[in-house]
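Note that the protein sequences, when read in sequence, are chains A and B.
Be aware that the first sequence starts at 1, since it is given in full-length UniProt numbering, and climbs by one per residue.
Be aware that the second sequence starts at 1, since it is given in full-length UniProt numbering, and climbs by one per residue.
As structure tokens, the structure follows; a few thoughts come after it.
Protein chains: 2
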Amino acid sequence: MDPFRSLLLLSSLFSVAAPHSILQISPGSRRHGDRSAWKGDELYCDSWRFSVETNDAGIWTQVPERCVGFVREYMTGERYASDCGMVSNNSMSFAGGVKIAGDGKDAWIFDIDETLLSNLPYYAAHGFGSEVFDETAYNEWANLADAPAIPASLMLYNVLKRLKFKLILLTGRTEVQRNATAKNLLLAGYSNWERLILRGIDDVGKPALVYKSHKRAELEGEGYRIHGNSVELCSCDSVALSYGNRRQFSSLWA
Amino acid sequence: MDPFRSLLLLSSLFSVAAPHSILQISPGSRRHGDRSAWKGDELYCDSWRFSVETNDAGIWTQVPERCVGFVREYMTGERYASDCGMVSNNSMSFAGGVKIAGDGKDAWIFDIDETLLSNLPYYAAHGFGSEVFDETAYNEWANLADAPAIPASLMLYNVLKRLKFKLILLTGRTEVQRNATAKNLLLAGYSNWERLILRGIDDVGKPALVYKSHKRAELEGEGYRIHGNSVELCSCDSVALSYGNRRQFSSLWA
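Right under this line is the structure:
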């Protein structure tokens with residue numbers, strides 16, 4: 001894969017000057033109605049999004065049909081990028097105040113999907129979360145190693161690296177996806193992580209909260225001081241949320 | 001105090017048909033600029049609000065000056081009411097599926113400020129969170145027992161009561177505020193709570209998370225099954241948040 005294609009895709013996804021250009025990738029995603037059709041649902045859908053993000057919506061599997069247009073606008077317009085930028089800036093500001101001991105144990109954890117990498121192209125081609133989640137198709141997409149970086153995350157990642165944090169990637173992906181994941185991360189611009197932790201055979205089926213808490217405890221047992229934990233850095237993962245990967249932690253542990 | 005005054009105030013605060021009527025209470029709150037002045041900041045302020053609500057903003061004390069107009073619009077327009085309604089509906093839906101044992105131990109916990117009661121009139125008169133928090137003035141306001149109910153919360157409260165949940169109120173207010181608090185709750189339309197728990201002398205100064213976790217553990221020790229915990233039910237407490245009372249728990253424990 002051409003890394004410049006990735007950058008180009010990325011800039012088309014997040015450009016404020018040309019929002020909605022994601023639609024050029026997948027004209028099929030237009031089928032859920034135009035702006036005028038969903039505009040009347042905006043208040044409802046914004047509240048729905050909020051209740052999801054704050055874990056108040058309970059168990060759900062698909063974006064409500066009436067909110068598909070809203071989610072598309074949110075994700076492909078300037079709001080998602082703005083929300084990502086805000087959290088990234090807050091994280092950088094916090095990180096700048098952390099004293100680095102120099103013993104190589106000051107760590108920052110990153111999730112991967114919808115944190116370092118965006119699966120928006122996949123979701124754009126699959127109804128923006130309105131379709132029943134298809135694990136086979138999703139894994140095929142992941143194996144392409146073609147997911148773009150989220151620009152705000154890439155900036156945060158690089159700043160933390162310059163600040164001498166050890167960057168530990170902790171993902172719900174499984175070991176069989178290690179090669180594709182590492183390849184994708186490199187192509188998207190990430191490099192020099194300290195460790196890439198994926199689910200081993202024993203971890204499959206564990207709830208994310210249990211699995212990740214366990215891994216963090218192991219890291220602390222090795223002497224790491226975990227200063228930050230960026231999970232779904234960008235605020236609305238309505239799209240990713242249809243995958244059941246809800247926000248679990250603050251990105252800052254102040 | 002005339003309870004009807006409270007109801008009237010309440011309807012003027014949350015009516016979708018006549019948003020912004022809160023401003024009639026305190027013309028002084030207009031001083032932070034008109035809509036056109038803050039409109040350009042809307043994207044930034046919406047992201048700021050989101051980072052606050054998801055506990056990603058770190059420690060902060062005042063609403064940024066550029067976002068005061070945004071917060072005013074959010075709180076006094078239809079968005080806050082809509083967000084409250086969504087969480088209330090989700091909570092009711094969840095509660096309806098809970099099997100009540102009939103032994104009087106099925107409980108639901110409510111916070112008070114910015115959950116059952118709204119302090120919006122106070123904040124509207126004090127710059128919508130842009131002023132440094134004045135504990136003395138705030139306590140004087142609380143002692144007036146004049147805070148209106150949040151309509152969506154009142155509806156949830158009454159539905160839970162009919163469903164035979166034991167309603168336990170757990171607040172960061174102190175015992176010296178017990179009488180004013182109970183009076184305010186009754187005047188705002190709440191009744192028949194099982195217990196009203198306030199901070200005792202030993203609890204003053206404890207972080208809310210510690211104090212409330214301890215009280216919940218005590219309740220469970222008494223045999224209560226806590227099915228729900230409504231804290232800052234309504235999504236944006238940007239106003240209340242200037243008081244440092246950030247969202248800590250999901251309103252649903254599914």
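Where is the CB? At the ideal position from N, CA and C, for every residue including glycine.
C-alpha gap between B:CYS67 and B:ARG79, whole angstroms:
In the second sequence, counting from the first residue as 1, residue 67 of chain B sits at position 67. In the second sequence, counting from the first residue as 1, residue 79 of chain B sits at position 79. Each residue's alpha carbon lies about 15 Å from the other.
Hey, does A:ASN90 have any beta-carbon neighbour from chain B nearer than 8 Å?
Residue numbering aside, residue 90 of chain A sits at position 90 when the first sequence is read from its first letter. Chain B, which has a Cβ nearer than 8 Å to the Cβ of A:ASN90, makes this yes.
Chain B contact residues for A:GLU73, given Cβ-Cβ distances below 9 Å:
On the first sequence, position 73 is the one that residue 73 of chain A refers to. Residues of chain B passing the Cβ test: none, with the nearest at roughly 13 Å.
With respect to the beta strand (DSSP E) encompassing A:TRP141, which residues constitute its N-terminal and C-terminal limits?
As a first step, residue 141 of chain A must be located in the first sequence, where it is residue number 141. No beta strand (DSSP E) contains A:TRP141, which is instead part of the alpha helix (DSSP H) from 135 to 143.
Any beta carbon of chain B sitting closer than 8 Å to that of A:TYR44?
For the purposes of this step, residue 44 of chain A is taken as the residue at position 44 of the first sequence. Closer than 8 Å: yes.
Just checking: is the beta-carbon of B:ARG79 within a distance shorter than 8 Å of some beta-carbon in chain A?
Working through the second sequence from its first residue, we reach residue 79 of chain B at position 79. Closer than 8 Å to the CB of B:ARG79 there is at least one CB belonging to chain A.
Proximity to B:ILE150 [Cα-Cα], best of B:GLU222, B:LEU160, B:LEU120 and B:GLU53
On the second sequence, position 150 is the one that residue 150 of chain B refers to. Nearest option by C-alpha distance: B:LEU120.
Proximal residues to B:GLU65 (C-beta, below 7 Å), its chain only, five neighbours per side dropped
Looking up residue 65 of chain B in the second sequence gives position 65. Correct list, in chain order: SER130.
So, is the C-beta of A:PHE50 closer than 8 Å to a C-beta in chain B?
As a first step, residue 50 of chain A must be located in the first sequence, where it is residue number 50. Closer than 8 Å: yes.
Please report the distance separating the alpha-carbon of B:ASN158 from that of B:LEU185.
Here residue 158 of chain B corresponds to residue number 158 of the second sequence, with the count starting at 1. Here residue 185 of chain B corresponds to residue number 185 of the second sequence, with the count starting at 1. Approximately 13 Å, taken between the alpha carbons.
Relative to the C-alpha of B:ARG199, which candidate in B:GLU218, B:ALA182, B:ARG178 and B:ASN192 has its C-alpha closest?
Taking the second sequence and counting its residues from 1, the one referred to as residue 199 of chain B is at position 199. Out of B:GLU218, B:ALA182, B:ARG178 and B:ASN192, B:ARG178 has the C-alpha closest to the C-alpha of B:ARG199.
Cβ-based neighbour list, B:SER88, same chain, cut-off 8 Å, excluding 5 preceding and 5 following
As a position in the second sequence, residue 88 of chain B is number 88, starting the count at 1. So the qualifying residues of the chain are ALA152, SER153, MET155, LEU156 and LEU233.
Residue from B:ARG225, B:ILE109, B:LEU117 and B:PHE70 with nearest C-alpha to B:LYS183
Here the question's residue 183 of chain B lines up with position 183 in the second sequence. Among B:ARG225, B:ILE109, B:LEU117 and B:PHE70, the Cα nearest to that of B:LYS183 belongs to B:LEU117.
Proximal residues of chain B, C-beta to C-beta of A:SER82 below 8 Å:
What you label residue 82 of chain A is simply residue 82 of the first sequence in a count that begins at 1. Under the 8 Å cutoff, chain B gives LEU43, TYR44, ASP46 and SER47.
Identity of the residue in A:VAL204, A:ALA180, A:LYS166 and A:ILE197 nearest A:GLY102 by Cα
Numbered from 1 along the first sequence, position 102 holds the residue referred to as residue 102 of chain A. If we check each option's Cα against that of A:GLY102, A:LYS166 comes out closest.
Can you round the beta-carbon distance between B:ASP113 and B:THR171 to whole angstroms, since I take them to be within the 8 Å contact cut?
As a working mapping, residue 113 of chain B is identified with position 113 in the second sequence. As a working mapping, residue 171 of chain B is identified with position 171 in the second sequence. Indeed they touch by this definition, with Cβ atoms about 7 Å apart.
Residue range of the alpha helix (DSSP H) that A:LEU209 falls in?
Mapped onto the first sequence, residue 209 of chain A falls at position 209. 208 to 221 is the extent of the alpha helix (DSSP H) around A:LEU209.
Helix, strand or coil at A:TRP193 according to DSSP, with G and I counted as helix:
If you number the first sequence from 1, residue 193 of chain A lands on position 193. Looking at A:TRP193 - three-state DSSP - the assignment turns out to be coil, as it is neither helix nor strand.
Give the secondary structure of A:ALA147 by DSSP, where H, G and I count as helix, E and B as strand, and everything else as coil.
Locating residue 147 of chain A in the first sequence gives position 147, where the first residue counts as 1. The answer is coil: DSSP assigns A:ALA147 none of H, G, I, E or B.
Which residues does DSSP list as the beta-bridge partners of A:LYS183?
On the first sequence, position 183 is the one that residue 183 of chain A refers to. Answer is none; A:LYS183 lacks a bridge partner.
Is A:ASN158 helix, strand or coil when you go by DSSP?
If you number the first sequence from 1, residue 158 of chain A lands on position 158. It is helical.
For the beta strand (DSSP E) containing A:LEU170, name the first residue and the last one.
The sequence position of residue 170 of chain A within the first sequence is 170, counting from 1. Secondary structure note for A:LEU170: its beta strand (DSSP E) is the uninterrupted segment 166 to 174.
Minimum C-alpha distance to A:TRP141 - residue among A:LEU160, A:GLY104, A:THR181 and A:LYS105:
The count along the first sequence starts at 1 and reaches residue 141 of chain A at position 141. Nearest option by C-alpha distance: A:THR181.
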